[in-house]
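A.B. asks: Handing you a structure now.
Protein chains in written order, with our numbering: chain A, 26 to 135; chain B, 496 to 604.
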């Protein structure tokens, strides 16, 4: 049982480049989330998807887009990366009381 | 006002002591409350959740909830060096889970 799988684990981008962070869960959860974590800022919600076919903005959505491709997959896209998007990104899915996190993606934008 | 507030610490306690971690939240409609532990470079992992006012105990951990005061706390008894981590308070409202910035706990041997 893999849980929540994020790819890639590490990525370096140049300013202006685009990329998509992939997330997949095999637990049949309805709700999925993308967070970013920065020193002193905690986990901040970028976007979430309460169910397949729906997405909503979180606290810091600017510069990002998401796609809930199906119940398993929830991707996060940076169309034009900026240094301010250097962060650790976590995908999570929830069922009932618990959020299950992926292992994180460490993204550096230079 | 942030939705979930925590003191970032660090909170330093000697080994064997009780560590007390606190969290306040702004949304009175919040339904459930969680404490996550995050070791450096790792993903958060759930250690406690609580729905109802009062105390909930699980081993060395006790979660306390006071909805009238919008306050959640986590007590760690007999603190061990392996408890040194960042503890994240999380609050579940309608459809989403919001996290605090986390409190860094250091247990001194």
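Note that beta-carbon positions come from the ideal geometry of N, C-alpha and C, so glycine has one too.
This structure is a prediction, so every number in the text was calculated from the model and none was measured.
Mapping the DSSP letters down to three states, classify residue 50 of chain A as helix, strand or coil.
C.D. replies: Looking at residue 50 of chain A - three-state DSSP - the assignment turns out to be strand.
A.B. asks: List the residues that DSSP assigns as beta-bridge partners of residue 523 of chain B.
C.D. replies: In DSSP, residue 523 of chain B forms no bridge with anything.
A.B. asks: When you compare only the Cα positions, how much space is there between residue 507 of chain B and residue 604 of chain B?
C.D. replies: Approximately 11 Å between the Cα atoms of the pair.
A.B. asks: Whole angstroms is fine: what's the gap from residue 545 of chain B's alpha carbon to residue 41 of chain A's?
C.D. replies: If you take the alpha carbons of residue 545 of chain B and residue 41 of chain A, they lie about 44 Å apart.
A.B. asks: Would you list, in chain order, the members of the segment 90-123 of chain A that have their beta-carbon closer than 7 Å to a beta-carbon of chain B?
C.D. replies: Going along the segment 90-123 of chain A in chain order, one finds 115, 119, 122 and 123 with a Cβ nearer than 7 Å to chain B.
A.B. asks: Please list, in chain order, all residues of the same chain as residue 57 of chain A whose beta carbon is under 6 Å from its beta carbon, the five residues on each side excluded.
C.D. replies: Closer than 6 Å at the Cβ level, and outside the excluded window around residue 57 of chain A, lie 74, 99 and 118.
A.B. asks: Could you confirm whether any beta carbon from chain A is found closer than 8 Å to the beta carbon of residue 557 of chain B?
C.D. replies: With 8 Å as the cut-off, residue 557 of chain B does not count as an interface residue toward chain A.
A.B. asks: Have a look at B:555, B:561 and B:564 and flag the residue whose alpha-carbon is nearest the alpha-carbon of residue 574 of chain B.
C.D. replies: Nearest option by C-alpha distance: B:555.
A.B. asks: Comparing the C-beta of residue 505 of chain B with each C-beta of chain A, is any distance below 8 Å?
C.D. replies: Not one chain A Cβ lies under 8 Å of residue 505 of chain B.
A.B. asks: Please classify residue 610 of chain B: does DSSP put it in a helix, a strand, or coil?
C.D. replies: This structure gives no information on residue 610 of chain B, because the portion of chain B shown stretches from 496 to 604.
A.B. asks: Excluding five sequence neighbours on each side, which residues of the same chain lie with their C-beta closer than 6 Å to the C-beta of residue 581 of chain B?
C.D. replies: Excluding residues within five positions, the ones whose Cβ falls inside 6 Å are 533, 597 and 599.
A.B. asks: Give the DSSP bridge partners of residue 73 of chain A, in chain order.
C.D. replies: Note: residue 73 of chain A sits in a beta bridge opposite A:58 and A:81.
A.B. asks: Using CA atoms only, rank isn't needed, just tell me which of B:536, B:538, B:540 and B:567 is closest to residue 448 of chain B.
C.D. replies: Given that chain B is displayed from residue 496 to residue 604, the structure contains no residue 448 of chain B and the question cannot be resolved.
A.B. asks: Any beta carbon from chain A within less than 8 Å of residue 560 of chain B's own beta carbon?
C.D. replies: False, the Cβ-Cβ gap to chain A never drops below 8 Å.
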